[in-house]
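Below is one structure, written out as structure tokens, with a few remarks after it.
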Amino acid sequence: MMDRFFLDNDGNWDDDDWDDEEGWDDEEWDDEEFDGPPVNMMDLMAAAQAAEEDQLDHALHQLTVKELRQIAQRRGWRLMGTAKDDLVAQMQTLLLEARQDPYMLAGLSEKARELLAATHTLFNINNTIFQDQWEFLWRQVLKHEEPITPVVQELESYGLVYRCRSHGEDIHHHPILNMPEYLLPVVALIPQHKATISPLKRSLPAARPFLENVEAIINYLAAGGLLRLTPPVGEHNPEGHPSPWVGNWPYLPEEVKKLSAYNLYRAFYERHVLTVPIRRQLVDVASCQPLVTAVGDPDALSWTLTLLQGLQVVTLDETLTVSLSPERWNMLISLPRQQLLGVLCQVWGVHVGDVWELRAVLNQSPEMSVWRLADAKVPYQTLLMELVMGRQTMLRLLRGLAEDDKRQDEWFSLSDFVRELCQIRPSLHYNLLMPDAWGFRQGGKPFNPENEGDWLKTSGQMVRAAICGPLYWMNMVELRGSPDDVVAFRLTDTGRFLLSPAAPNTAVPQSTSPGEAIWLNDRTVQISPGYEMGAFLALMTQLGTAVPNQPFTYRLDGAGLEKAFIAGESPDTLNRLFLESGWRLPNAGLDYLEEVYHRFGLAHLYDDLTVIEFSDDMALPELRAAGLLDNCLVHEFSHRLVAIRPEMVATLLTRLEGRGYTPRVTEAVS
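Heads up, the sequence shown is in the numbering used here, so the first residue is 166 and it goes up one at a time.
Structure below.
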């Protein structure tokens, strides 16, 4: 069975009751021009785990010793000792480890498991759940008539939900633990809405195979193709603006200047809002028309680019020119295609740098804009997290459809799906902030997200955009209607595979073209991408250099070839790699490798070079893994000696000192 990557319910965000939002301010944003920070998946998972443990510890400390022992008795556990801190530590370990037990929920009633599954789907971990929300979910969505109180008490007795006592008794609850999906029953939260489709409403053509779009971008950049972003429409100081109104948000200077003219004391007692400037189009289409033609949709190109930025596969310089990080891409391309698609899907689910949903709303009208309360204490990341949490809720709802065997081939009315989501989760994009902290406006008039009509034009439009955009581009849904009027959607085999642990393995969509490689001379090759070209393209990007102004054309020489020889490769082993990729190296090319290999190592002369010498073999891999050497490396001579760009010395020193390293700097060596 193929290893898989599935979207999880991330537990590393909470509301204002549980006091861990300050950690968001510490994120380093290297590429803020993309509208958000890059995602470091390892840091993200570590932060999620640490936050979940802290929140569980806080919740358990709110219980009495008697209540702790009652939960332990209910679960069949024995707590040792009498000190409360010791009991909490034992209980926390038992609760976290119990999630590995496939029979963990066997002691719960069927209705308790159903309520737990529904809660897990609609509410992010540590969202506030008020009693009226419980009642609506229980009676209107799950269609039960008996009281909900005994069922909630059953979940409390099992240590799965906790009453928040910080603001008074029984005000609201929190779900704490992130439960593995396979433990939970499938709950149909979206009623069956078979789409009534006119015969004229035909299926839209299937989206281009997503991994081929990704590879087209990578190959275009590797071949030296130009790709620029459009200029930001405002300014942004990720470290924070000195004004008490701005903080680390993007802003329009003219608005801040106008607000600064107010009497500061008076202004603090009045409500002021600022525009959040968001570009309506990310990619400068004129700079990369061949790539836009290859991908087929500038919106798909922009969104895929933000995904690659989230994985730090692409970076941005001060001229807004996008460049490729070959090392990071080569790590990803080594994965089987199913796993690679799973990783990309998972990153989208948690990528705080993706504001595609906001753009979709803004592009409805030139008069649309995003506003936020002028308060520096609320960080920009909070709004970005709102988008992620809404995205996660939608994906969990779709997972329920993916796991419903009776609805495998069913077309769903898109309008009905969006309206139903409005009914069961109206605060879809207001999990951390109240609706009066940010929102949309048109012609200066703010939308009211508590009004269904306004909700459908804002949150509803974001849901529609996610289905008709990223989910369609990732080949997870089929669409029916027209590009401007999609009326229905249906999950594909790929969509079910990526959404549900229960779905069977499925082949990754690919084109019908195998691709082709034509050797122009002894060591230059021109490639036409296709489904048979993946291994060969990866090999050429490692061993060759891009021929300027000739997309998908590589020459076998340069630092990649030298690095291969340093790593112990020889002409024979490289020739074997070419054969395994399915494309034979010409005899003249093999002769060239022999010639270079014979000369290799005889002499190395370097002028005006900045080098780093390490004291052991572990330092370089650690710095690479932490991303501290990104955009700095010129050449790796050995595991203990590397060359870096002279102009990046100051930046690298700042990065190293920020992580606790104390490098000794020598100005010159003669």
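The beta carbon of each residue, even a glycine, is placed where N, CA and C say it ideally should be.
If you check the CB distance, isoleucine 383 and threonine 469 do not come in under 8 Å. Closest by C-alpha distance to threonine 471, out of Ala451, Arg524, Ser452, Asn495, is Arg524. When DSSP assignments are scanned along the stretch 302–351, the uninterrupted stretches of beta strand (DSSP E) that are 3 or more residues long and fall wholly within it turn out to be 326–329, 337–340. For leucine 466, the secondary structure class from DSSP, reduced to helix, strand or coil, is helix. Beta-bridge pairing by DSSP links leucine 476 to no other residue. Under the three-state reduction of DSSP output, valine 583 falls in the helix class. Residue environment for arginine 720: buried (at least 16 other C-beta atoms within 10 angstroms of its C-beta). Inclusion of valine 450 and proline 463 in the CB contact set at 8 Å is warranted, their separation being smaller than that value. In the structure shown, the three-state DSSP call for lysine 249 is helix. Take tryptophan 620, set aside five residues on each side of it, and the residues of its chain with a beta-carbon closer than 7 Å to its own are Cys587, Pro591, Pro614, in chain order.
Here valine 814 has Thr775 as same chain residues with Cβ atoms under 7 Å from its own Cβ, once five neighbours each way along the sequence are excluded. Closest in alpha carbon position to glutamate 419, among Arg436, Gly399, Glu435, is Gly399. Phenylalanine 582 is classed as buried because its beta carbon has at least 16 other beta carbons within 10 Å across all chains shown.
Under the rule that a run must span 4 or more residues, the alpha helix (DSSP H) segments found entirely inside the stretch 351–430 read 375–387, 418–425. Between the stretch 507–526 and the stretch 624–635, the count of C-beta pairs closer than 8 Å reaches three or more; the two stretches touch. Separation of lysine 622 and arginine 606 (C-alpha to C-alpha, rounded to the nearest whole angstrom) is 11 Å.
By the beta-carbon neighbour count (other beta carbons within 10 angstroms, threshold 16), proline 340 is buried.
Where methionine 559 is concerned, there is no enclosing beta strand (DSSP E), although the alpha helix (DSSP H) around it starts and stops at 545–567.
Residue environment analysis places serine 368 among the exposed positions, since fewer than 16 neighbouring C-beta atoms fall within 10 angstroms of its C-beta.
For arginine 655, the enclosing beta strand (DSSP E) begins and ends at 650–656. For histidine 800, the enclosing beta strand (DSSP E) covers residues 798–803.
Counted as a single uninterrupted DSSP element, the beta strand (DSSP E) harbouring glutamate 681 occupies residues 681–684. Beta bridge pairing from DSSP links glutamine 691 with Ile683, Thr718. The straight-line gap separating the alpha-carbon atoms of glutamate 380 and leucine 704 is approximately 13 Å. Taking C-beta separations shorter than 8 Å and ignoring five residues to either side along the sequence, the partners of arginine 824 in its chain run Ala791, Leu793, following chain order. Taking a C-beta distance under 8 Å as the contact criterion, threonine 440 and aspartate 795 do not qualify as a contact pair. By the Cβ-count criterion, histidine 223 is buried, with 16 or more other Cβ atoms from all chains shown falling within 10 Å of its own Cβ. When Cβ pairs closer than 8 Å are counted between the two stretches, the stretch 535–546 is seen not to touch the stretch 507–515, the count staying below three. If you look at glutamine 504, you'll find it in the alpha helix (DSSP H) that goes 502–515. Between histidine 309 and the set Ala277, His338, Gln318, the nearest pair of CA atoms involves Ala277. Contact check for leucine 270 and glutamine 255: beta-carbon distance about 21 Å, past the 8 Å limit, so the pair fails to qualify. Between leucine 562 and leucine 656, the C-beta spacing is not below 8 Å.
In the structure shown, the three-state DSSP call for valine 712 is coil. The C-beta separation of valine 253 from leucine 233 comes to about 7 Å, placing the pair in contact by the 8 Å criterion.
In terms of Cα proximity to proline 600, the closest of Leu342, Gly608, Asn616, Glu300 is Asn616.
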